[in-house]
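Chemist: Residue numbers (my numbering): 15 to 716.
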Amino acid sequence: MSSDKQDTVKTICPYCGVGCGIQVSQGDEPGDVQFMPWGDAPVNEGRVCIKGGAATEVVDHEDRLTDPLIRDDDGEFREATWEEAYEYIVSELERIRDEYGPDAMGFFGSSKTMNEENYLLQKLARRYGTNNVDNCTRMCHASTVWALRTSLGAGAMTNSMRDLREAADVFWIQGANPGEQHPIANSQYFRQAVLEGATVIQVDPHANKTTRSFQIDDTDRHQHLQLNPGTDIPLLNIVLKTILEHHADHPEDGWVDEAFVEERTEGFDHLKATLEEFDKEAAAEECGVALAAIELAAEKYATADNAAIFTGMGMSQHACGVDNVQNEINLALITGNLGRPGTGVNPLRGQNNVQGTCDVGAMPNVLPGYQLVDDDAARESVEDVWGFEVPDEPGLTNVEISYEAGDSVKGLYVMGENPVMSEPDANSVAERLADLEFMVVQDIFMTETAEYANVILPATTWAERGGTVTNTDRRVQRMRGVGKVHENTRHDREILTEVGTRLFEEGFDFENPEEIFEELRQVCPSYHGMTYDLLGEEGLHWPCYELGDEGDPFLYEDEFDTESGLGHIEGVEHTPPAETPDDEYPLILTTARLEEHYNTGTMSTRSPTLNRQTPENFVDVHPDDAARYGIEDGEYVKLRSRRGEITLEAHVTEDTKEGVVWTTPHFAAASANKLTNHVLDDRAKIPEYKAAAAEIEVDVEP
Ligand code: SF4
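Laid out in structure tokens, this is it:
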């Protein structure tokens, strides 16, 4: 047991981006780590969902990695000392840089690790000489971040859960499922607003716990627009054109906020021109939703005092992901629904630190605080603190890095990520990682990715260490640890400190997470006004520029954070998914996640409580498709795409549309990502997880 053991600590749930506070208590034995509620936690006031309540179950799981492992010449892993592991890592990193140059290495940060750790990893990559550093936001909200940053100023929620709960009259929830993915945000904030009269418009191809939590039945004030996957742009264009048409006939109704458009935006004419020839009837048919229902939803949004958009991966994970989110921004801007409580465009972030991992610069095109690497002044201001030059060209994204594995990329440093499960077309990802000359993985379990590593370093879990994380509404909060369960494991920051110091001698010698945070705040303007003391137990929302700033719960009250200070409107046209159904693959496959599991399942599938709920993957099939294929509910089927096949149980349900099959990426034995398409959005490089062509085979063995 580590000597820095504390008996009970207040910390943050390691799962989703809501950022619920929980307590962890440490019993007499190292493995006796228990969950306790934190009654006055700032975000959740003691409530947790099933994942939060079960989070401590994996801390002392029997599968924990407890010692460094090195792959021997015979291909088998053997236990090694830390000294041996460090020497090997440093010598391979130096060899690769000498032989091929620094861009032959890639670095993967992790949204499951803390701000300080991701800050250190991206600094290590840049000191090594490359901007090839990225994190899994690339797979979830890279397109959202791109659109929000470009058109409004910051790649984050414009508002906070609290002001949305207090002031929003309409929640427009498109491609997001807070009922399942952000359960406490949904129950404690959004559902309370709905109980007091707010209206929900849900736009999603799949009925889910959000649909059920608001009892959306299409006849009441709430609506579920169950569109075909990949038709979000035509649906929003119908909404936008309906608002413009009504405003032309009845300007006195104010559906378009003319003053806001005039004073605070640019590009309105472009939007009007884009929609001039747009055919609403044809578009509604393509969406598979009645035109009248979409027009009614448009009226509800446009006539609300305060309307808020929630956007999720159903919007971002498309080859047109940036355009999808831009169209939501268009809707908010023309109706003046930005810059005050209860409004905005609000991405619900997936992991507990995906916001912070981006904030601290673990991305190939930005330094801490979203300062562009190719902006000379910004880069030089960071270099002044760091004392070394940063490459001035953006690096490769994580999907690009793994596609270059074995070619231009020879080595990979992975902290807490699992690309063999998380990236699309997973079978080929595994093949390419096998072609690397060297890979090091820091993790708590032997992941599907670690199996291809040369060195595996046993890290500590979330409950054993301290640092900060940033939740979905930009609240930076402290995590605190109870001390190590396994003595020979090391915190991610300790490992990076050691590797950095051995490689470069200077710049990585930090004693504790607070020292790292102190440096981070010098190079990250929106965190500059934060210290560990000021964060306290409440945390602070960024931006927080100076000591004493209280942080902003909502953004853009007076102006947008763009060069012109204006919000950018830009009309967008429909781009169908890269793969559409054909004779060979006549179904549309779409993917999403479950409440009781978490991304690649590394933690959640090892949690007895969570696994009891859903122990294996399944596919939702519409009853008409089931009848056509002769599928019984509960029967095992084979689901195929051009990239692979998985065998899983069929659930026959009207939750999905006819012609659309729906499954999840959580389970290694039958992961959806063996089937998904690796086509990318041109700008944000996010893969199109949400639409691929597929086929079902019946009469298969489980
Ligand atoms: Fe954890 Fe999210 Fe559940 Fe809160 S809502 S307990 S942060 S998984």
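Quick reminder that beta carbons are idealized off the backbone N, C-alpha and C, glycines included.
Just so it is clear, the structure is predicted and the values come from calculations on it, not from any experiment.
At the level of alpha carbons, what is the spacing between SER445 and ASN432?
Modeler: Residue 445 sits at position 431 when you count from the first residue of the sequence shown. Residue 432 sits at position 418 when you count from the first residue of the sequence shown. For the sequence presented, residue 445 should be read as Glu rather than Ser. Straight-line Cα distance between these residues: approximately 14 Å.
Chemist: When you measure from the CB of ASN191 to every non-hydrogen atom of ligand 1, does any distance come out below 7 Å?
Modeler: Taking the first residue of the sequence shown as position 1, residue 191 is located at position 177. No, Cβ of ASN191 sits at least 7 Å from all heavy atoms of ligand 1.
Chemist: Among GLY579, LEU548, ILE700, which residue has its Cα nearest to the Cα of GLY565?
Modeler: Mapped onto the sequence shown, residue 565 falls at position 551. The residue with the shortest Cα to Cα distance from GLY565 is LEU548.
Chemist: For LEU79, which residues from the same chain have a beta carbon less than 7 Å from its beta carbon, with the 5 sequence-adjacent residues on both sides left out?
Modeler: As a first step, residue 79 is located in the sequence shown; it is residue number 65 there, counting from the start. Only ASP457, ILE458, PHE459, MET460, ILE470, PRO472 meet the Cβ criterion.
Chemist: Just to be sure I understand the criterion: a residue counts if its Cβ is closer than 5 Å to at least one heavy atom of ligand 1. Which residues meet that?
Modeler: Those residues, listed in chain order, are CYS27, TYR29, CYS30, VAL32, CYS34, VAL62, CYS63, LYS65, GLY66, PRO197, ILE198.
Chemist: Between the alpha carbons of ALA640 and VAL714, how many angstroms are there, rounded?
Modeler: Counted from its first residue, the sequence shown places residue 640 at position 626. Counted from its first residue, the sequence shown places residue 714 at position 700. C-alpha separation (whole angstroms): 15 Å.
Chemist: Is DSSP giving ASP18 helix, strand or coil here?
Modeler: Taking the sequence shown and counting its residues from 1, one reaches residue 18 at position 4. Low confidence applies here, because ASP18 scores a pLDDT of 47, under 50, leaving its location unreliable and the question unanswered by this model.
Chemist: Provide the residue(s) that pair with TRP556 in DSSP beta bridges, ordered along the chain.
Modeler: To locate residue 556, count along the sequence shown from 1; it is residue 542. Per DSSP, none; premise fails for TRP556.
Chemist: Return the Cβ separation of ASN360 and THR172 in integer angstroms, given the expectation that the two are a contact with Cβ distance under 8 Å.
Modeler: Here residue 360 corresponds to residue number 346 of the sequence shown, with the count starting at 1. Here residue 172 corresponds to residue number 158 of the sequence shown, with the count starting at 1. Confirmed, Cβ separation roughly 6 Å.
Chemist: Nearest CA to the CA of CYS154: which residue from ASN367, TRP52, MET617?
Modeler: Indexing the sequence shown from 1 puts residue 154 at position 140. Among ASN367, TRP52, MET617, the Cα nearest to that of CYS154 is on ASN367.
Chemist: What did DSSP end up calling LEU166 once you bin it into helix, strand or coil?
Modeler: Taking the sequence shown and counting its residues from 1, one reaches residue 166 at position 152. The answer is coil: DSSP assigns LEU166 none of H, G, I, E or B.
Chemist: Grouping DSSP H, G and I as helix and E and B as strand, with all else coil, what is THR279?
Modeler: Your numbering for residue 279 matches position 265 in the sequence shown. Residue state, collapsed to three classes: strand.
Chemist: Considering Cα atoms alone, identify which of ARG626, GLN195, GLU659 is closest to LEU603.
Modeler: Position 589 of the sequence shown, counted from the start, is the residue given in the question as residue 603. That would be GLU659, whose Cα lies nearest to the Cα of LEU603.
Chemist: Check this for me: beta carbons of PRO701 and PRO438, under 8 Å apart or not?
Modeler: Here residue 701 is taken as the residue at index 687 of the sequence shown, counted from 1. Here residue 438 is taken as the residue at index 424 of the sequence shown, counted from 1. Cβ atoms of PRO701 and PRO438: closer than 8 Å.
Chemist: To test your reading of the DSSP string, which unbroken alpha helix (DSSP H) runs of 4 or more residues are found completely within the stretch 178-252?
Modeler: Counting whole runs of 4 or more residues, the stretch 178-252 contains the alpha helix (DSSP H) stretches 192-195, 205-209, 223-227.
Chemist: I'd like to know if the stretch 569-587 and the stretch 678-697 are in contact, where contact means that at least 3 CB-CB pairs between them fall below 8 Å.
Modeler: Result no; under three Cβ-Cβ pairs closer than 8 Å.
Chemist: To the nearest whole angstrom, what separates the beta carbons of GLY326 and LEU362, a pair I think is in contact under 8 Å?
Modeler: What you label residue 326 is simply residue 312 of the sequence shown in a count that begins at 1. What you label residue 362 is simply residue 348 of the sequence shown in a count that begins at 1. GLY326 to LEU362, Cβ: 5 Å. Contact.
Chemist: What is the rounded straight-line gap between the Cα of SER16 and the Cα of GLU501?
Modeler: Mapped onto the sequence shown, residue 16 falls at position 2. Mapped onto the sequence shown, residue 501 falls at position 487. Here SER16 scores only 40 on pLDDT, less than 50, and its place in the model is too uncertain to base an answer on.
Chemist: Exposed or buried, what is LEU209 when buried is set at 16 or more other beta-carbons lying within 10 Å of its beta-carbon?
Modeler: Within the sequence shown, residue 209 is the residue found at index 195, counting from 1. That one is exposed.
Chemist: Starting from the C-beta of GLU593, find all residues in its chain whose C-beta is less than 6 Å away, skip the five residues before and the five after it, and write them out in chain order.
Modeler: Here the question's residue 593 lines up with position 579 in the sequence shown. If we look at GLU593 and ignore the five residues flanking it on each side, its Cβ neighbours are ASN691, ALA706, ALA707.
Chemist: Can you give me the C-alpha to C-alpha distance between LYS424 and ARG494, rounded to a whole angstrom?
Modeler: Walking along the sequence shown from the start, residue 424 turns up at place 410. Walking along the sequence shown from the start, residue 494 turns up at place 480. Taking the straight line from one Cα to the other gives about 36 Å.
Chemist: Quick check: the Cα distance between ARG657 and SER442, rounded to an integer number of angstroms?
Modeler: Translated into positions along the sequence shown, residue 657 becomes position 643. Translated into positions along the sequence shown, residue 442 becomes position 428. Cα-Cα distance, rounded: 8 Å.
Chemist: Which term fits GLU610, buried or exposed, when burial requires 16 or more other beta carbons within 10 angstroms of its beta carbon?
Modeler: The residue labelled residue 610 in the question sits at position 596 within the sequence shown. So GLU610 counts as buried.
Chemist: Let's test the definition: count the other Cβ atoms within 10 Å of the Cβ of VAL674 and tell me whether it reaches 16, buried, or not, exposed.
Modeler: Here residue 674 is taken as the residue at index 660 of the sequence shown, counted from 1. Classification of VAL674: buried, given that the 10 Å Cβ count is 16 or more.
Chemist: Report the residue from ALA467, PHE402, GLN369, VAL490 whose alpha carbon sits nearest the alpha carbon of ASP87.
Modeler: Working through the sequence shown from its first residue, we reach residue 87 at position 73. Residue ALA467 is the option with its Cα nearest to ASP87.
Chemist: Can you give me the Cβ contacts of LYS24 inside the same chain, cut-off strictly under 7 Å, excluding the 5 residues immediately before and after it?
Modeler: Here residue 24 corresponds to residue number 10 of the sequence shown, with the count starting at 1. Excluding positions up to five away in sequence, the list reads GLY35, GLN37, TRP52, ARG494, GLU551.
Chemist: Taking the alpha-carbon positions, what's the GLY430 to GLU291 distance?
Modeler: Within the sequence shown, numbered from 1, the residue matching residue 430 stands at position 416. Within the sequence shown, numbered from 1, the residue matching residue 291 stands at position 277. Those two C-alpha atoms are separated by around 49 Å.
Chemist: Note down the Cα distance separating THR164 from THR576, rounded to an integer number of angstroms.
Modeler: By one-based count along the sequence shown, residue 164 stands at place 150. By one-based count along the sequence shown, residue 576 stands at place 562. Going from the Cα of THR164 to the Cα of THR576 covers about 7 Å.
Chemist: Helix, strand or coil: how does DSSP classify GLN365 here?
Modeler: Here residue 365 corresponds to residue number 351 of the sequence shown, with the count starting at 1. Correct three-state label for GLN365: strand.
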